[in-house]
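Under the numbering used here, think of the first position of the sequence shown as 1299, with each following residue one higher.
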Amino acid sequence: MTDEIHDVLLAVGPNDRDHVTTILDAALGVVVPTGASVTLLHVFPRSEYESLLEKIESGTGTLDPDELAARHEGINTPVARLEEAGIDYDIRGVIGDPDVEIVRLAEELDVDRIFIGGSSRSPTGKAVFGDHAQQVLLNASCPVTYVQRD
1299 MTDEIHDVLL AVGPNDRDHV TTILDAALGV VVPTGASVTL LHVFPRSEYE SLLEKIESGT
1359 GTLDPDELAA RHEGINTPVA RLEEAGIDYD IRGVIGDPDV EIVRLAEELD VDRIFIGGSS
1419 RSPTGKAVFG DHAQQVLLNA SCPVTYVQRD
C-alpha cells in the first residue's frame, strides 16, 4: 500500500457555509504539496434539490445534480481558492443521505483522502440525532480528515 495522495474528496454541505474556508485550508495543506486533484462534493437531500431546481428555472430542462452543485453558492469559495492555487478539480453533486453518498462516491472515485467538516456534539447528541461525519469516519475505506466547526 502506498501513502501517496493523488485524489481527494472535499465534501461541502449546507452547514459548511461559514466553515468552508477552514475545511479548504486543511485540504490545501495536503493537496498543494502532493499535487493531488480535488473532487468537490455537495450532497443534496431530495427536498433541497427539488427546491433549488424550482428557484433556478433554467429553461433548459432539469439540471442534473453535478450542474446544480456547480451553481451552488457553497461551492463558489472552494472553486475560487482551488483555481487561485492552480489545483485541478471536479465538481460533483448527488442526491441522498450525506453519510452514505460521501462514502459511496469516495469508493467510486477511489480517492486517497476525504475532507469533511462537522460540529462538536456530545456522545448523547450523536446517539440521539446521529452524525453524518461520524458515519463517514466509521465507514470510509480511506483516511478521513475531520475539521471541527467552532
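Just so it is clear, CB atoms sit at the ideal spot from N, CA and C, and this is done for glycine as well.
So, at 8 angstroms on beta carbons, what are the nonlocal neighbours of Gly1327 in its own chain, with the 5 sequence-adjacent residues on each side left out?
none
Consult DSSP for Ile1393 and reduce its assignment to one of helix, strand or coil.
strand
Can you tell me whether Ala1325 is buried or exposed? The criterion is at least 16 other CB atoms within 10 Å of its CB, across all chains shown.
buried
Pair within 8 angstroms by beta-carbon distance, Ala1378 and His1340
no
Grab me the residues of Gly1423's own chain with a C-beta within less than 7 angstroms of its C-beta, minus the 5 sequence neighbours each way, in chain order.
Low local confidence applies: a pLDDT of 49 at Gly1423 is under 50, so the model's placement there is unreliable, with the coordinate-based value given in what follows. Around Gly1423: no qualifying Cβ.
Go ahead and pull the three-state DSSP assignment for Arg1402.
helix
Does the Cβ-Cβ distance between Asp1410 and Val1306 come in under 8 angstroms?
yes
Flag this pair as yes or no: are the beta carbons of Val1392 and Leu1403 separated by less than 8 angstroms?
yes
Tell me whether Arg1390 is buried or exposed, calling it buried when 16 or more other Cβ atoms sit within 10 Å of its Cβ.
buried
Determine the closest residue to Pro1331 out of His1304, Thr1360, Glu1382, with distance taken between C-alpha atoms.
His1304
Thinking C-beta only, is Leu1322 closer than 8 angstroms to Pro1376?
yes
Using the C-alpha atoms, what's the distance from Glu1302 back to Glu1371?
32 angstroms
Cutoff 7 angstroms; reference Val1329; Cβ partners in own chain excluding five residues on either side:
Val1306, Val1336, Ile1385
Can you tell me whether His1340 is helix, strand or coil according to DSSP?
strand
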